[in-house]
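There are 2 protein chains.
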Amino acid sequence: MQVSERRIVRVLNGETLTPPPLWLMRQAGRYLPEYRETRAAAGSFLDLCYNPELATEVTLQPIRRYGFDAAILFSDILVIPDALKRNVSFNVGHGPQMDPIDPEGIAKLSPEGVSAHLKPVIETVSRIRAALPHETTLLGFCGAPWTVATYMIAGKGTPDQAPARLFAYRYPEIFARLLDFLADVSADYLVEQIDAGADAVQIFDSWAGVLGEKEFEAYAARPVRRMIQSVRARRPQAKIIAFAKGAGLLLKDYRQKTDANAIGLDWSVPLSFAVELQKDGAVQGNLDPMRVVAGGASLDDGIDAILQALGQGPLIFNLGHGITPEANPDHVTQLVKRVRGL
Amino acid sequence: MQVSERRIVRVLNGETLTPPPLWLMRQAGRYLPEYRETRAAAGSFLDLCYNPELATEVTLQPIRRYGFDAAILFSDILVIPDALKRNVSFNVGHGPQMDPIDPEGIAKLSPEGVSAHLKPVIETVSRIRAALPHETTLLGFCGAPWTVATYMIAGKGTPDQAPARLFAYRYPEIFARLLDFLADVSADYLVEQIDAGADAVQIFDSWAGVLGEKEFEAYAARPVRRMIQSVRARRPQAKIIAFAKGAGLLLKDYRQKTDANAIGLDWSVPLSFAVELQKDGAVQGNLDPMRVVAGGASLDDGIDAILQALGQGPLIFNLGHGITPEANPDHVTQLVKRVRGL
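Protein chains in written order, with numbering that gives the first Met the number 0: chain A, 0 to 341; chain B, 0 to 341.
What follows is the structure, encoded as structure tokens:
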């Protein structure tokens, strides 16, 4: 079997598969008892991200349990600011925190040491690939420059990431420099993931939805295009999924603008609009994760609506956002069976 | 001067005015030193909402300072759950909190006592109207059923209001009953505001953006239509602005679906799309409040872009979300002058 025969890679190449391949964002996560056990043994959340043995283990857990079509590297979008020495920590109940960066801090940012810092993550990619069933796609990922920048500026998550919007209005040129810098180090990181065995990579722009039209172009779409161009200049065959959460109508030409192979859709994207986006290539999504918590008929109905609207074109079935800790693992079994028509 | 000659009422009737009338969401707020002074004297936030003298005072403060075309009643969308005895409180740094409601609690909800509880707010409306310059429009408001329900179910604000989405999937009929109940008591409340002197009312659906297509129709658009129909059955000339924050593409037929006179636009709504929405009637919005914090060229640029795109049709100039405590009052002066071409 060639890499290009893996089902998710085939869809990324534009093929329609029935049933569609599936994986779930945050599938290696707290809803799984085996994850919670490994997590407890690992120390901090970042310790787990940088422990190739344990990060490989948690990446494989949902594959063993559900046989998803893709495994996704266990890591976090904030390993990049961590590698940039921004003093990142994850505190239970408080979300991620780091030192807020200012214009002087941005001027001092250097890519030196980033690759060395992220070596354990790259080793994890190699280990996962070696351990995965051959037919399973391995996905790498990183955060989009805008989303990573919002955390670097605020030092944490904030309502609608207002501090980063304000910073961008106050210091447009310095902010553009930060985005370009992040695009470049992130592109290097994605190339390393691909070289270590990732079949495809996903770029998470989790805060794309808080931007106006011009700002979306300047801060979200443009830096993602820069990243993708940088990756493709070195790895022309790279397969890339771009997920701009909350971007709504601005997704209309996001694929063209970024040159991504597939567009990730959050659960608020109307299926009637998703059908239009699918005419240009693969889409991924977009079940409301709360339906997996609810289970029963509401889970079946949500799945059926997506399959009916998008099943006749290139589709990677997924949630519209990460699965939550409250999800019942049996509901995931129900989901997998339903999508596969079993 | 007739009520119908007030500038905002004229735009709600479909007229194009140059310069467009303007007001700012949360214009009576913490960015104003005079507000902070009155607020400190009032006791709790809810004490201020229920104090006709002080609520009138803070409503009038921004009118005195800036001469906005509309005053908006100083109150909160959560006075409805407060009137329903849900034990509402506003704690600095924690946002609003109340007792989370369950299916049994929903079955027990009664409109009895709601009108009596809200009498001080209605008295505030009368007092504001008596004190306002005759040419100034007075806006009443309430929350949309979906948004109010999200707080009632979670007992607080939560990321993407997941608890309410989950509740709706688990108990669709009970949830529909809650929305209908809220639509009915809110419609009564709006009629009382109109009778006390509100020229128009705004319905805030602040959490409309976390819903899928079918759910937006069922939980956001349908209950708002029910409210508006109920108000219009009694006050056929009622003027209504519907603001569904984050609804994006789903705004396309929101005016038709709800029968609102004007559609409020958050700052993420692309201006190219706003132009389309304006072909059917008045729109209101949509400057990013962070531009008011930033001031300078970024404020001017944001204003000019809106005036250029939407100034040739019926427009009420506003922010795309409430003004924030960090906004500099001088930047608001800059905004008012710029919009009015002074």
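Even glycine gets a Cβ: it sits at the ideal position worked out from N, Cα and C.
For clarity, every value in this text was computed on a predicted model and none was experimentally measured.
Check                                                                                                              : Outcome
Cβ of R128/A within 8 Å of any chain B Cβ                                                                          : no
Cβ-based contacts, 7 Å cut-off: residues of the segment 254-269 of chain B near chain A                            : W266, S267 and P269
Cβ neighbour criterion (16 or more within 10 Å) applied to P110/B                                                  : exposed
Cutoff 8 Å: L314/A Cβ touching any chain B Cβ                                                                      : no
Contact set between A293/B and chain A, taken where Cβ atoms lie within less than 8 Å                              : L165, Y168 and R169
Between the CA atoms of R126/B and S205/A - distance to the nearest angstrom                                       : 45 Å
8 Å Cβ cutoff, L77/B in contact with chain A                                                                       : no
Other residues of its chain near A326/A: CB distance less than 6 Å, five sequence neighbours each side excluded    : Y30, V291 and V292
C-beta contact flag for G28/A and I322/A at 8 Å                                                                    : yes
Minimum Cβ-Cβ distance from A161/B to chain A less than 8 Å                                                        : yes
Residue-chain proximity (E103/B, chain A), Cβ-Cβ < 8 Å                                                             : no
From P20/A, G247/A and L165/A, residue whose alpha carbon lies closest to that of E212/A                           : G247/A
Per-residue burial, T146/A [other beta carbons within 10 Å of its own, 16 or more giving buried]                   : buried
For V209/A, the nearest candidate out of S114/B, L178/B, G319/B and L45/B (CA to CA)                               : G319/B
Three-state secondary structure (DSSP) of P95/B                                                                    : strand
Contact with chain B by V223/A, beta-carbon distance below 8 Å                                                     : no
For L137/B, the first and last residue of its enclosing beta strand (DSSP E)                                       : T136 to G142
Proximity test, Cβ basis, 8 Å: V209/B and chain A                                                                  : yes
The segment 6-18 of chain A contacting the segment 275-287 of chain A, beta-carbon criterion three pairs below 8 Å : yes
Residue nearest to P144/A in terms of C-alpha spacing, selected from V331/A, A167/A and H133/A                     : A167/A
Check whether F89/A and F44/A have beta carbons under 8 Å apart                                                    : yes
Secondary structure of K251/A, DSSP reduced to three states                                                        : coil
Reference L181/B, options A304/B, M24/B, F73/B and I79/B, closest by Cα                                            : I79/B
Residue nearest to D101/A in terms of C-alpha spacing, selected from R176/A, P32/A and A69/A                       : R176/A
Residues that F272/A contacts on chain B, provided the C-beta gap is smaller than 7 Å                              : L248
Closest by C-alpha distance to R5/B, when choosing among D46/B, A197/B and R169/B                                  : A197/B
Rounded straight-line distance, which links the Cα of A220/B to that of V230/B                                     : 15 Å
Whole-Å CB distance - V87/A paired with L77/A, under 8 Å assumed                                                   : 5 Å
Within-8 Å CB hit, D252/B to chain A                                                                               : no
Close Cβ partners of I302/A (< 7 Å) along its chain, the five nearest in sequence each way excluded                : L286, L334, R337 and V338
C-beta neighbour in chain B for E212/A, strict 8 Å                                                                 : yes
Whole-angstrom C-beta distance between Y49/A and V120/A, which should lie under 8 Å                                : 7 Å
Under 9 Å from the C-beta of D279/A: neighbouring residues of chain B                                              : Correct list: empty, because the minimum Cβ distance to chain B is about 17 Å.
Beta-carbon proximity check, F272/A vs L249/A, cutoff 8 Å                                                          : no
Per-residue DSSP class, three states only, for I62/A                                                               : helix
Range covered by the beta strand (DSSP E) that runs through V338/A                                                 : V338/A -> not in any beta strand (DSSP E); alpha helix (DSSP H) instead, spanning P328 to V338.
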